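Chemist: I am attaching a structure below and will ask some questions about it afterwards.
Residue numbers (mature numbering (1 follows the signal peptide of the UniProt record, and there is no 0)): -25 to -1, 1 to 411.
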């Protein structure tokens, strides 16, 4: 899309101003946005018909969301006499960012939409696309370590879904069979791949048809290098004073993975990759535990772990990435904002949230979550206890989109390392032009 983010924002803000005082009342966020009896209609008269539009970019969880939405609809009917219709749109992670930005900028915002807490909240907030949810009941239930990730300027602007501790996934049965443990350095990873190859085991599963998957190497490598060698990288990139040439070492691990991976990577996506991994087609997968549910649907007894990805021969740089990613926000222009906020609060409902998050195989992140942590969470926690973790680096989503496409082209032999790094530098500079 050729229209700049700043141009789109200007058009969207102009459209907002034309909607008049009725829309202004809807933008008032926080406690003023809580549901009222006026919005709900008469509980004894005819039911009020309300339609909510939801945009949630995790289609592999359609079944869980459909069920939770049905529970919410029943709750609205019983408590507020509302006949609720929910129009659920669940695009893939590759297409969602551009679709959502286009909708927001053209005054066609969903009532509720998903976004990445770390990467997208700052720019979406600056653009005026996030309702203030401060003071809503769910906010008091969030763990302090998570609350900060969905907060900006002292306001809470989203309810988090995914709290992550991730690196790469490994098949515990294969590792145990061959007496292997996750390596602590790049050299140890090279030795491990040689051992697996000698035993007839493919070391890595490759699934690059969706560009967001190969880009996972960027936050892992950047986080490790920033936290050990280059602490001011993000700040300097935001001032147009840095370059991705400083992180060129990420190609060392990426090349090793590709040289020891399954075939036809550009034809395999996340779901197919999860099935192949569960079938034991490879010992490791550059992927996060957010695919746990899909993996276990293929084999409920499959035993996998999470380990930190080595990027060089400094064992201190082999670290777990801590992040809050997928979160749900409310558009300040929603015509049914009060009901949208009702759903946001229902996401952390005292009675129903526990089962919902457990069905998604997500980590506990609120006081209402009492289900036991999964084994792969415990694996990652061991690294955290040793001080070997870092907060996900704040890299603009536009840059992550660019690195995904660039690494696909690099894998296909269509771009060099320098081509990819130069493209990332340009993407960040373009981001700075419209966000500073």
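Yeah, the Cβ is synthetic: ideal placement off N, Cα and C, and Gly gets one too.
The structure displayed is predicted, hence computed values, not measured ones.
(1) Specify, as a first and last residue, the run of the beta strand (DSSP E) that residue 140 falls within.
(2) Measure from the alpha carbon of residue 197 to the alpha carbon of each residue in 356, 287 and 282, then state which is nearest.
(3) Okay, do the segment 223 to 231 and the segment 273 to 291 touch, 3+ Cβ pairs below 8 Å being the bar?
(4) Compare the Cα-Cα distances from residue 449 to each of 370, 172, 380 and 266 and report the closest residue.
(5) List the endpoints of the continuous beta strand (DSSP E) containing residue 252.
(6) Return the chain-ordered list of same chain residues with a C-beta closer than 6 Å to the C-beta of residue 385, the five sequence neighbours on each side being excluded.
(7) Once you ignore the five residues that flank residue 329 on each side, which residues in its own chain have a CB closer than 8 Å to its CB?
(8) I want to know whether the segment 178 to 185 touches the segment 194 to 212 - three or more CB-CB distances under 8 Å.
(9) Taking Cβ to Cβ, would you say residue 176 is nearer than 7 Å to residue 258?
(10) Is the number of C-beta pairs between the segment 131 to 142 and the segment 293 to 302 that are closer than 8 Å three or more?
(11) Label residue 403 either buried or exposed according to how many other C-beta atoms from any shown protein chain fall within 10 Å of its C-beta, with 16 as the threshold for buried.
(12) For a test of the three-state rule: what should DSSP assign to residue 495, helix, strand or coil?
(13) Using DSSP's beta-bridge definition, name the partner residues of residue 281.
(14) Am I right that residue 296 and residue 203 are in contact with their C-beta atoms under 8 Å? What's the rounded C-beta distance?
(15) One question on the structure: do residue 27 and residue 86 come within less than 7 Å of each other, judged by their Cβ atoms?
(16) Relative to the alpha-carbon of residue 214, which residue among 314, 24, 400 and 20 has its alpha-carbon at the smallest distance?
(17) How big is the Cα-Cα spacing for residue 59 and residue 310?
(18) Buried or exposed for residue 17, going by 16 or more other Cβ atoms inside 10 Å?
(19) What separation, rounded to the nearest whole angstrom, lies between the Cα atoms of residue 48 and residue 323?
(20) Report all residues from its chain with a CB closer than 6 Å to the CB of residue 162; omit the five preceding and five following residues, and keep chain order.
(21) Please work out which residues of its chain come closer than 8 Å, Cβ to Cβ, to residue 271, disregarding the five sequence neighbours upstream and downstream, and give them in chain order.
(22) Within a Cβ cutoff of 6 Å, which residues of the same chain sit near residue 24, ignoring the five residues on either side of it in sequence?
(23) What does the alpha-carbon distance come out to for the pair residue 154 and residue 145?
(24) Smallest Cα separation from residue 68: which of 407, 110, 251 and 376?
(25) In the DSSP assignment, the beta strand (DSSP E) including residue 33 goes from what residue to what residue?
(26) Please return the same chain residues whose Cβ sits closer than 7 Å to the Cβ of residue 412, not counting the five positions on each side in sequence.
Modeler: Concretely, from the data shown:
(1) Sequence index remark: in the chain shown, residue 140 carries index 165 (1-based). Following the DSSP letters along the chain, one finds residue 140 inside the beta strand (DSSP E) bounded by residues 138 to 141.
(2) In the chain shown, counting from the first residue as 1, residue 197 sits at position 222. For residue 197, the nearest C-alpha among the options comes from 287.
(3) yes
(4) Limits of the chain in this structure are -25 at one end and 411 at the other, which puts residue 449 out of reach.
(5) As a working mapping, residue 252 is identified with position 277 in the chain shown. Looking at the DSSP string, residue 252 is not in any beta strand (DSSP E); the run it does join, the alpha helix (DSSP H), is 245 to 253.
(6) Taking the chain shown and counting its residues from 1, one reaches residue 385 at position 410. Cβ within range, chain order: 395.
(7) Here the question's residue 329 lines up with position 354 in the chain shown. Counting only Cβ-Cβ distances below 8 Å, and skipping sequence neighbours, we find 343, 344, 345 and 346.
(8) Under the 8 Å Cβ criterion, the segment 178 to 185 does not count as touching the segment 194 to 212, having fewer than three qualifying pairs.
(9) To locate residue 176, count along the chain shown from 1; it is residue 201. To locate residue 258, count along the chain shown from 1; it is residue 283. Yes, Cβ-Cβ distance for residue 176 and residue 258 is below 7 Å.
(10) With a cut-off of 8 Å, the segment 293 to 302 and the segment 131 to 142 count as touching, because enough Cβ pairs lie within range.
(11) Counting from 1 along the chain shown, the entry for residue 403 is found at position 428. Buried, by the Cβ-count rule.
(12) As shown, the chain starts at -25 and ends at 411. That puts residue 495 outside it, with no answer to give.
(13) Your numbering for residue 281 matches position 306 in the chain shown. Per DSSP, 144.
(14) Against the chain shown, residue 296 aligns to sequence position 321. Against the chain shown, residue 203 aligns to sequence position 228. Distance from residue 296 to residue 203 at the Cβ level is roughly 14 Å; contact not present, criterion being Cβ atoms closer than 8 Å.
(15) Residue 27 sits at position 52 when you count from the first residue of the chain shown. Residue 86 sits at position 111 when you count from the first residue of the chain shown. Yes, they are a contact pair.
(16) Residue numbering aside, residue 214 sits at position 239 when the chain shown is read from its first letter. The option with the nearest alpha carbon to residue 214 is 400.
(17) In the chain shown, the residue the question calls residue 59 occupies position 84. In the chain shown, the residue the question calls residue 310 occupies position 335. Taking the straight line joining both Cα atoms gives about 14 Å.
(18) Position 42 of the chain shown, counting from 1, holds the residue named residue 17. Confidence at residue 17 is low in this model, with a pLDDT of 44, below 50, so the placement of that residue should be treated as unreliable; the coordinate-derived value is given next. Result: exposed.
(19) As a position in the chain shown, residue 48 is number 73, starting the count at 1. As a position in the chain shown, residue 323 is number 348, starting the count at 1. Rounded to the nearest angstrom, the two C-alpha atoms are 16 Å apart.
(20) As a working mapping, residue 162 is identified with position 187 in the chain shown. Closer than 6 Å at the Cβ level, and outside the excluded window around residue 162, lie 288.
(21) As a working mapping, residue 271 is identified with position 296 in the chain shown. These residues qualify, in order along the chain: 253, 277 and 336.
(22) Walking along the chain shown from the start, residue 24 turns up at place 49. 58, listed in sequence order.
(23) The count along the chain shown starts at 1 and reaches residue 154 at position 179. The count along the chain shown starts at 1 and reaches residue 145 at position 170. For residue 154 and residue 145, the distance between alpha carbons rounds to 13 Å.
(24) As a working note, residue 68 is residue 93 in the chain shown. Across the set 407, 110, 251 and 376, the C-alpha of 376 shows the shortest separation from the C-alpha of residue 68.
(25) For this step, residue 33 is matched to residue 58 along the chain shown. Neither: residue 33 is in no beta strand (DSSP E) and is coded neither H nor E.
(26) Past the edges of the chain, shown from -25 to 411, lies residue 412, and the structure says nothing about it.
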